[in-house]
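Chemist: Those letters in the sequence shown? Residues 256 to 395, by the working numbering.
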Amino acid sequence: MDSEYLKYKSEELTVKYNPKICIHAAECVKGLPKVFNPKKKPWVEVGNASADEIIEVIKKCPTGALKYESVKKNKDEEFEYSPEVKVTKNGPLFIKGNISLINSDGEEVLNEGRIALCRCGASENKPFCDNSHYKVKFNG
């Protein structure tokens, strides 16, 4: 799944973004608008804040669409999440923790720390949420 991530680099940090699982919760934009600005191209400017500031905002991404890799250590993010399942009103199921998603054939298709799963049934990216719950006016 790493091949689906777009990469934005600085000397210290590579920010990785997967548009296929982003539901535009905008935690990044609210947290660091000088780095994450969807009105600009590229929309991620890694050099506009410290690596520590960017990492703290990435930790708030509810879907795992944003990740980071330390350039100097050549390591992916290593923060742990306490296990948590959150049902959102009229929206997705947010899951944090050591998550392994297994398909119906018994194959692991995802091993992430954060995911948002569809509850409305209308997502075109099942089992992941794609914000279709807004279009279908999901109530649940």
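In this text, a Cβ means the ideal position worked out from N, Cα and C, and glycines have one as well.
Sort E311, E259, S265, K262 by Cα distance to V284 and report the nearest one.
Modeler: Counting from one through the sequence shown, the residue named residue 284 turns up at place 29. Selected option, being the one with the closest Cα: E311.
Chemist: Which residue marks the beginning of the alpha helix (DSSP H) containing S387, and which one marks its end?
Modeler: For the purposes of this step, residue 387 is identified with residue 132 of the sequence shown, where counting begins at 1. Here the alpha helix (DSSP H) through S387 covers 387 to 390.
Chemist: Return the CA-CA distance between F393 and G346, expressed in angstroms with no decimal places.
Modeler: The residue given as residue 393 occupies position 138 in the sequence shown. The residue given as residue 346 occupies position 91 in the sequence shown. Cα to Cα, the separation comes out at about 7 Å.
Chemist: What would DSSP say about N353, mapped onto helix, strand or coil?
Modeler: Taking the first residue of the sequence shown as 1, we reach residue 353 at position 98. Correct three-state label for N353: strand.
Chemist: Between which two residues does the beta strand (DSSP E) containing A371 stretch?
Modeler: As a first step, residue 371 must be located in the sequence shown, where it is residue number 116. A371 -> beta strand (DSSP E) spans 363 to 372.
Chemist: When you compare the CB positions of E367 and P317, do they come within less than 8 Å of one another, or not?
Modeler: Reading the sequence shown from its first residue, position 112 is the one you call residue 367. Reading the sequence shown from its first residue, position 62 is the one you call residue 317. Cβ atoms of E367 and P317: not closer than 8 Å.
Chemist: Count the CB pairs spanning the region 338 to 345 and the region 299 to 308 that are closer than 8 Å, and state whether there are at least three.
Modeler: As far as the Cβ criterion goes, the region 338 to 345 does not touch the region 299 to 308, which means the pair count is below three.
Chemist: Identify whether K264 lies in helix, strand or coil by the three-state DSSP scheme.
Modeler: One-based indexing of the sequence shown puts residue 264 at position 9. Strand, per DSSP.
Chemist: Verify whether the separation of the beta carbon atoms of V391 and L321 is less than 8 Å.
Modeler: Indexing the sequence shown from 1 puts residue 391 at position 136. Indexing the sequence shown from 1 puts residue 321 at position 66. No. Outside cutoff.
Chemist: Around the Cβ of H279, are there at least 16 other Cβ atoms within 10 angstroms (buried) or fewer (exposed)?
Modeler: On the sequence shown, position 24 is the one that residue 279 refers to. That one is exposed.
Chemist: Look at the alpha carbon of E362 and the alpha carbon of P288, and state the distance between them as a whole number of angstroms.
Modeler: By one-based count along the sequence shown, residue 362 stands at place 107. By one-based count along the sequence shown, residue 288 stands at place 33. Each residue's alpha carbon lies about 38 Å from the other.
Chemist: For I354, collect the residues of the same chain with a Cβ closer than 8 Å to its Cβ; drop the 5 residues on either side in sequence, then sort them by chain order.
Modeler: Position 99 of the sequence shown, counted from the start, is the residue given in the question as residue 354. Contacts found: L365, N366, E367, G368, R369, I370.
Chemist: Which partner residues of Y336 appear in the DSSP bridge assignment?
Modeler: What you label residue 336 is simply residue 81 of the sequence shown in a count that begins at 1. None; Y336 has no bridge partner.
Chemist: Is the beta carbon of Y336 closer than 8 Å to that of K351?
Modeler: Stepping through the sequence shown from its first residue, residue 351 is reached at position 96. Stepping through the sequence shown from its first residue, residue 336 is reached at position 81. Yes, these two residues count as a Cβ contact at 8 Å.
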